[in-house]
Amino acid sequence: MSQLHPQRLLNIAQFELVRLFLTKRGLLAVAAFAICWLLILRYPIGQAVSLISSPEIAELAQQVFGAIGLSKLLDWPEAELAMYWLIALYSFPSFCLFLCSDQLVGDKQRGTLRFLSLRATRNEMLFGRFLGQVFILAALLIVTLVAAVAVMAFREPALLMTGLSRSFMLFCYLLIAVLPFIALMTLLNTFARSARLTVVLAVLFFAGGNIVVGLLSWQIPAMAMLDYIFPGVQLDQMAGQNAGLFNSLGIPVIQTVVMLALAQRIFARSSL
Numbered sequence: 004m005s006q007l008h009p010q011r012l013l014n015i016a017q018f019e020l021v022r023l024f025l026t027k028r029g030l031l032a033v034a035a036f037a038i039c040w041l042l043i044l045r046y047p048i049g050q051a052v053s054l055i056s057s058p059e060i061a062e063l064a065q066q067v068f069g070a071i072g073l074s075k076l077l078d079w080p081e082a083e084l085a086m087y088w089l090i091a092l093y094s095f096p097s098f099c100l101f102l103c104s105d106q107l108v109g110d111k112q113r114g115t116l117r118f119l120s121l122r123a124t125r126n127e128m129l130f131g132r133f134l135g136q137v138f139i140l141a142a143l144l145i146v147t148l149v150a151a152v153a154v155m156a157f158r159e160p161a162l163l164m165t166g167l168s169r170s171f172m173l174f175c176y177l178l179i180a181v182l183p184f185i186a187l188m189t190l191l192n193t194f195a196r197s198a199r200l201t202v203v204l205a206v207l208f209f210a211g212g213n214i215v216v217g218l219l220s221w222q223i224p225a226m227a228m229l230d231y232i233f234p235g236v237q238l239d240q241m242a243g244q245n246a247g248l249f250n251s252l253g254i255p256v257i258q259t260v261v262m263l264a265l266a267q268r269i270f271a272r273s274s275l
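End of the sequence shown sits at 275 in our numbering; the numbers just go up one at a time, nothing left out.
And the structure:
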């Protein structure tokens, strides 16, 4: 692997932030994201305590959450963060498939990758774009978490300090959980011909791949281990706080490293 220059990596990563937050197309995506999360903050998160405090709904929630292994979340004093955790844990990985769909293919179509290759190595372009998407997701996670903590503090100011502590933990777990989804889109960008095709390929990977693995594991139970090639295999356990440290952090990190290694090998041999 060629040497990676930190300054060039950061410059490429910063360009991803500029492309999202300082261009018309990027601002439209941010506006749509903001509207969705304002609705989420207003209703499911903002009404979390009143919903859970209702005796009928609380009993139903206890039964349903207990049946699917989420009963621990009902014990959180920060009900807004419990609701945020469930929504963010499943929505951000799905959002990654669309947000990170154009890391390299757009420049490849326009022919600008050849120009960039005069100023940076292929590895710097690949990992710089990946790092830029990580920065973007981290920024969006911070904004939504701060908003959720603000909603919680407005209801009960005494929970602010414990809420900040828990929100920091949630941020770390959520950011690591989305890493393999970003890496998957980086991998697909190395051989797909358009951003739309990368999304289609990602959907086929999850839908078709799970069907194939399900059929294989039905015939050969040991093949169930193939589930670990899919990002997010541990999300259900994480949602109920039932995943160990390896499942929560180790699996997504390993998946990310493997996918980035494959992406590097393919991109190194592909034409610009």
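Using N, Cα and C, we set each Cβ at its ideal position, and we do this for glycine too. Note that the structure is predicted; figures quoted are calculated from it, not measured.
Since residue 83 contacts residue 51 with CB under 8 angstroms, what's their CB separation in whole angstroms? Contact flag correct, Cβ pair sits at about 5 angstroms.
Cα-Cα, which of 233, 171, 85, 193 is closest to residue 48? Here the closest residue by C-alpha is 85.
Considering only C-alpha positions, which residue in the set 235, 127, 250, 272 is nearest to residue 98? Nearest of 235, 127, 250, 272 to residue 98, Cα basis: 235.
Using 8 angstroms for Cβ pairs, my map puts residue 129 next to residue 266. What's the rounded Cβ distance? Between residue 266 and residue 129 the Cβ distance is about 6 angstroms, and since that is below 8 angstroms, they are a contact.
The alpha helix (DSSP H) that contains residue 21, what's its start and end? Element bounds for residue 21: 9 to 24.
Measuring straight from C-alpha to C-alpha, what distance separates residue 251 and residue 165? Looking at the two C-alpha atoms, the distance is approximately 22 angstroms.
Okay, do the region 137 to 153 and the region 20 to 36 touch, 3+ Cβ pairs below 8 angstroms being the bar? Look at the beta carbons and you see the region 137 to 153 touching the region 20 to 36: at least three pairs across the two are nearer than 8 angstroms.
Could you give the C-beta distance for residue 193 and residue 133, rounded to a whole number, given that I count them as a contact under 8 angstroms? The beta-carbon separation of residue 193 and residue 133, rounded to 11 angstroms, does not stay under the 8 angstroms limit for a contact.
Between which two residues does the alpha helix (DSSP H) harbouring residue 241 extend? Per DSSP, residue 241 belongs to the alpha helix (DSSP H) from 238 to 242.
Just how far apart, CA to CA, sit residue 160 and residue 167? Distance between the alpha carbons of residue 160 and residue 167 is about 11 angstroms.
Consult DSSP for residue 70 and reduce its assignment to one of helix, strand or coil. Any reading at residue 70 needs caution, since the residue's pLDDT is 48, under 50, leaving its predicted position unreliable; the model's value is listed next. Secondary structure at residue 70: helix, using DSSP grouped into helix, strand and coil.
Considering residue 213, what are the terminal residues of the alpha helix (DSSP H) in which it resides? Residues 198 to 222.
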